[in-house]
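**Student:** Structure incoming, see below.
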Amino acid sequence: MSLWVLADMEVKIDATRTLKKSLKQLEINLAIWADLAQDRRAWRRSMKTSAAIYEANRIADAKAKRRLASHKPRGSTPPTSNVPTLSTHVPRAIRPGRTSSNSMQQQSHNLNFYHTCRGPHDDDHPIQSGKRK
């Protein structure tokens, strides 16, 4: 088989799978869908009524979910007044986008603040007073 034939078969299989999935969602009997396709009026009538039923069920489910979500107990989360607030201030030297060498030196020295060890930090920096190690 050529690649074109295989690709065409794959497209047909996907279309059939999509059609069957849609028919199941609309609760149309898969055994009689071919007969309905022969009679356009019966097909349209069946599709319209099934789509209306599907839409009504979807809306009812959404309303039920909304109703359940609004009746959740609100005391389940701890009050936020006991939680300490953290500062979101970022010093100027740490902000991205700085390119001057002076700001880069400041940025490397400000990183000491975030270092995790407790010892002296002067030996940890590759740049000290403008000179490389």
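With the UniProt record's numbering applied, the sequence shown corresponds to residues 1 to 133, in that order. All residues carry an ideal CB built from backbone N, CA and C; glycine is no exception. Source: prediction; values computed, not measured.
Look up residue 64 in the DSSP assignment and say whether it is helix, strand or coil.
**Tutor:** Correct three-state label for residue 64: helix.
**Student:** Specify, as a first and last residue, the run of the alpha helix (DSSP H) that residue 30 falls within.
**Tutor:** Segment: none, residue 30 is in no alpha helix (DSSP H) and carries neither H nor E.
**Student:** Can you list, in chain order, the residues of its chain with a C-beta nearer than 7 Å to that of residue 46? Leave out the 5 residues immediately preceding and following it.
**Tutor:** 28, 36
**Student:** Check the Cβ-Cβ distances between residue 53 and every residue of chain C, and say whether any is below 8 Å.
**Tutor:** Considering every chain present, this structure includes no chain C. It has just one protein chain.
**Student:** Could you give the DSSP three-state label for residue 22: helix, strand or coil?
**Tutor:** helix
**Student:** Is the beta carbon of residue 54 closer than 8 Å to that of residue 19?
**Tutor:** no
**Student:** Among the residues of its own chain, which have a CB less than 8 Å from the CB of residue 43, if the five just before and after it don't count?
**Tutor:** 36, 37
**Student:** Work out the CA separation of residue 17 and residue 56 for me, nearest whole Å.
**Tutor:** 25 Å
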